[in-house]
Amino acid sequence: MQFIHLSDLHFHRRKNDNRSITNMLQFVAENYPAHYLLLTGDITDDGDTTQYERAAEALSIFKGRIFICPGNHDFGAAGMFYEQKRASFFDEKLSIPLAQQGSFAGATRPVVNVARNSDEQALIIALDSNLETMTPFDFACGEIGEQQLQALNEILGNYSSSGMTKILLFHHHPFMRHDPFMELKDAERLWATVYLRIDVLLFGHKHVSQMWTDYGGVPFVLAADNSPGKDYAREITVTSAGVSVSDIAIAPTALTARKSSPSKRVSVRKGGRKRKA
Ligand SMILES: [Fe+2]
Ligand SMILES: [Fe+2]
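Here our numbering is used: the first residue of the sequence shown is 140, the next is one more, and so on.
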């Protein structure tokens, strides 16, 4: 079972402004027809209805193999001016049409989906990390919140012996500190909740691609950049042997280059240490 991690698409109103996004999505759809997609928020640029409609239209081809969570730009204009109606549009225009098993606006519980193929199952847990406040200069900051953390703790307990690979996605960057505009305020509590209990943790927000292995009790911690216009994204492969991560081409020129120079794959065996191949 394979996943592609994309983030921060930032759909605009005008079709012409979305060309690099739709080209990239078309490329992914054609070249990776069996991969699941994981989208870590900021799907729209301001959370307005036309932007959501553009996003829904472009993402509809992935229905049944896409998992999403919201970012600060989805819930508010300029990513800072939270509005409840824009948060509701996320569910109305994206979560429901894309068949997510739950809603995000004002949510107090994570949205839990299961990805399956004939051999494997993976638990996909999506959080709303938006700080839903009307104070504009708080808003690009994030917070998981007490209720969502408690529910996450309960879900991880329920599935602890399931043998399923567990992937957690949310938008805000959990390593940003002392940044009054961008940080995830309860990141430390989140780390304590997920320690040694999940396999892959994914986020976006900062628009900088990075990977950490064996960090905070999590085998893979992956930050995505803003995917449109980029050459590569990360591919997560789940097999009975464990999880591995490598780069994957999301643009035609990168696909050609990658065939002559394959990327490094980092693997973690179930119950074992990481190895590089
Ligand atoms: Fe963003
Ligand atoms: Fe963001």
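Positions of the beta carbon are idealized from the N, C-alpha and C atoms, including for glycine.
Distance between residue j and residue i (C-alpha atoms, nearest Å)
| i | j | result |
| --- | --- | --- |
| Met140 | Val377 | 5 angstroms |
| Thr161 | Ile235 | 21 angstroms |
| Lys305 | Val339 | 7 angstroms |
| Ser146 | Lys224 | 22 angstroms |
| Ala265 | Phe206 | 8 angstroms |
| Arg204 | Ile337 | 21 angstroms |
| Gln165 | Ala195 | 14 angstroms |
| Ala416 | Ile389 | For Ala416, the pLDDT reaches just 45, beneath the cut-off of 50, and the residue's location in the model is therefore unreliable, although a value from the coordinates is still provided. The straight-line gap from Cα to Cα measures roughly 22 angstroms. |
| Asp112 | Ala226 | A query on residue 112 cannot be resolved here, the shown segment of the chain reaching from 140 to 416 and no further. |
| Lys409 | Asn155 | 45 angstroms |
| His212 | Cys280 | 11 angstroms |
| Phe228 | Pro313 | 26 angstroms |
| Ser402 | Ile387 | 8 angstroms |
| Asn157 | Glu169 | 18 angstroms |
| Phe201 | Leu233 | 12 angstroms |
| Leu148 | Ile182 | 5 angstroms |
| Val333 | Leu288 | 10 angstroms |
| Ala246 | Asp267 | 7 angstroms |
| Arg153 | Gly355 | 42 angstroms |
| Glu271 | Glu322 | 14 angstroms |
| Ala217 | Gly210 | 11 angstroms |
| Val405 | Leu198 | 29 angstroms |
| Phe320 | Phe243 | 22 angstroms |
| Ala290 | Thr395 | 44 angstroms |
| Val167 | Tyr221 | 31 angstroms |
| Asp353 | Glu374 | 18 angstroms |
| Glu293 | Pro391 | 43 angstroms |
| Phe309 | Gln239 | 14 angstroms |
Within 7 angstroms, strictly: CB atoms of residue i and residue j
| i | j | result |
| --- | --- | --- |
| Asp184 | His144 | no |
| Phe142 | Leu177 | yes |
| Gly296 | Gly180 | no |
| Asp364 | Ala393 | no |
| Pro367 | Met163 | yes |
| Leu361 | Leu341 | yes |
| Gly241 | Val250 | yes |
| Val382 | Val347 | no |
| Glu285 | Lys324 | no |
| Leu335 | Met303 | no |
Bridge partners - residue i, DSSP secondary structure assignment
| i | result |
| --- | --- |
| Gln107 | Given a span of 140 to 416 for the chain in the structure shown, any question on residue 107 remains unanswerable. |
| Ser383 | Thr376 and Ser406 |
| Leu178 | Leu145 and Ile207 |
| Gln260 | Arg255 |
| Lys305 | Leu262 |
| Leu198 | Per DSSP, none; premise fails for Leu198. |
| Asn269 | Gly281 |
| Thr247 | Partner(s): none; Thr247 has no beta bridge. |
query: Closer than 7 angstroms from C-beta to any heavy atom of ligand 2: which residues, in chain order?
result: Asp147, Gly180, Asp181, Gly210, Asn211, His212, Gly218, Ala279, His310, Gly343 and His344
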